[in-house]
Amino acid sequence: GENVEQHPSTLSVQEGDSAVIKCTYSDSASNYFPWYKQELGKRPQLIIDIRSNVGEKKDQRIAVTLNKTAKHFSLHITETQPEDSAVYFCAASFGDYKLSFGAGTTVTVRA
Amino acid sequence: GAGVSQSPSNKVTEKGKDVELRCDPISGHTALYWYRQSLGQGLEFLIYFQGNSAPDKSGLPSDRFSAERTGGSVSTLTIQRTQQEDSAVYLCASSLKPAGGLTDTQYFGPGTRLTVL
Numbered sequence: 687g688e689n690v691e692q693h694p695s696t697l698s699v700q701e702g703d704s705a706v707i708k709c710t711y712s713d714s715a716s717n718y719f720p721w722y723k724q725e726l727g728k729r730p731q732l733i734i735d736i737r738s739n740v741g742e743k744k745d746q747r748i749a750v751t752l753n754k755t756a757k758h759f760s761l762h763i764t765e766t767q768p769e770d771s772a773v774y775f776c777a778a779s780f781g782d783y784k785l786s787f788g789a790g791t792t793v794t795v796r797a
Numbered sequence: 162g163a164g165v166s167q168s169p170s171n172k173v174t175e176k177g178k179d180v181e182l183r184c185d186p187i188s189g190h191t192a193l194y195w196y197r198q199s200l201g202q203g204l205e206f207l208i209y210f211q212g213n214s215a216p217d218k219s220g221l222p223s224d225r226f227s228a229e230r231t232g233g234s235v236s237t238l239t240i241q242r243t244q245q246e247d248s249a250v251y252l253c254a255s256s257l258k259p260a261g262g263l264t265d266t267q268y269f270g271p272g273t274r275l276t277v278l
């Protein structure tokens, strides 16, 4: 099956600074890469996703980049705010319908 | 519209007892997934249902775990003879039928926190 590695496992940033989370995947056939945000005790919520036919996608303060050759993708959060504190999961598709998830990154934004 | 719902939100049981967890997917979503999330871990795939097709059970950790989906909508995950290592949050997700070769967005329920004493 697909193997997704996510780094770092924890990330502490000063409010207003940027946060970057990186993931690598093993299946070259993967074509869909979503990112989920999970606040404490809440359900995972999709925040942004990217498909393999594009290299970058941006939505306000959040952006995702994809390097298919190197099989890695990254989440970038700019101008971080306290409400960005959460656990973030990357995922990569394998097969026609499955997602394999990274282990998660706990982001803490210091005021 | 209404999102994915799950019940109960919390379940405490004794080792050896059976439990049933329920998932109501988003109306119109034909694909349904169950995941397990252990403390501080990522999401572990358990089982996948798509319409009337045979489910993909490849992620079920043992034969104590089973799931069904009645009428293509509500799903029940059953764990028999629960063990302490079954303690986790069980998440359900649904999506529109994936287009050929393209995985579609999965929407998650709030989860059921299972504690086995």
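Chains as they are written, first to last, in the numbering used here: chain A, 687 to 797; chain B, 162 to 278.
All residues carry an ideal CB built from backbone N, CA and C; glycine is no exception.
For residue i, go through chain B and note every residue whose CB falls closer than 8 angstroms to its CB, in chain order.
{"i": "A/Asp735", "result": "Thr266"}
{"i": "A/Pro720", "result": "Thr266 and Gln267"}
Evaluate residue i with the Cβ neighbour count: other Cβ atoms within 10 Å of its Cβ, from every protein chain shown; 16 or more gives buried, anything less gives exposed.
{"i": "A/Asp703", "result": "exposed"}
{"i": "A/Lys723", "result": "buried"}
{"i": "B/Arg242", "result": "exposed"}
{"i": "B/Thr239", "result": "exposed"}
{"i": "A/Thr791", "result": "buried"}
{"i": "B/Gly212", "result": "exposed"}
{"i": "B/Ala192", "result": "buried"}
{"i": "A/Pro768", "result": "exposed"}
For the beta strand (DSSP E) containing residue i, list its first residue and its last residue.
{"i": "B/Tyr196", "result": "Ala192 to Gln198"}
{"i": "A/Pro720", "result": "Tyr718 to Gln724"}
{"i": "B/Tyr103", "result": "For residue 103 of chain B there is no data in the structure shown, the boundaries of chain B being 162 and 278."}
{"i": "B/Asp224", "result": "Per DSSP, B/Asp224 belongs to no beta strand (DSSP E) and is neither H nor E."}
{"i": "A/Thr696", "result": "Thr696 to Gln700"}
{"i": "B/Leu207", "result": "Leu204 to Gln211"}
{"i": "A/Lys784", "result": "Lys784 to Phe787"}
{"i": "A/Ile707", "result": "Ala705 to Tyr711"}
Which residues in chain A have a C-beta closer than 8 angstroms to the C-beta of residue i? List them in chain order.
{"i": "B/Phe226", "result": "Correct list: empty, because the minimum Cβ distance to chain A is about 17 angstroms."}
{"i": "B/Pro271", "result": "Lys728 and Arg729"}
{"i": "B/Tyr209", "result": "Tyr783 and Lys784"}
By the criterion of Cβ-Cβ separation under 9 angstroms, what are the contact partners of residue i in chain B?
{"i": "A/Ala789", "result": "Gly201, Gln202 and Gly203"}
{"i": "A/Leu732", "result": "Thr266, Gln267, Tyr268 and Phe269"}
Per DSSP, which one or two residues make a beta bridge with residue i?
{"i": "B/Glu181", "result": "B/Thr239"}
{"i": "B/Ser234", "result": "According to DSSP, B/Ser234 bridges with nothing at all."}
{"i": "A/Ala772", "result": "A/Val793"}
{"i": "A/Asn739", "result": "According to DSSP, A/Asn739 bridges with nothing at all."}
{"i": "A/Gly753", "result": "One detail in the question is off: residue 753 of chain A reads as Asn in this sequence, not Gly. Paired residues: A/His758."}
{"i": "B/Glu229", "result": "B/Thr237"}
Compute the minimum distance between the beta carbon of residue i and the heavy atoms of the ligand NAP, and state whether it is under 7 angstroms.
{"i": "B/Ser227", "result": "Summarising the ligand content, the structure contains no ligands, and the ligand NAP is consequently not present."}
List the residues of chain A whose Cβ lies closer than 9 angstroms to the Cβ of residue i, in chain order.
{"i": "B/Phe206", "result": "Gly687, Lys784, Leu785, Ser786 and Phe787"}
So residue i contacts chain B; which residues on that side make the cut at Cβ distance below 7 angstroms?
{"i": "A/Phe759", "result": "Those do not exist, as A/Phe759 stays about 14 angstroms from chain B at its closest Cβ, beyond 7 angstroms."}
What residues from chain A crowd round residue i, counting only those whose CB sits closer than 7 angstroms?
{"i": "B/Ala192", "result": "Tyr783"}
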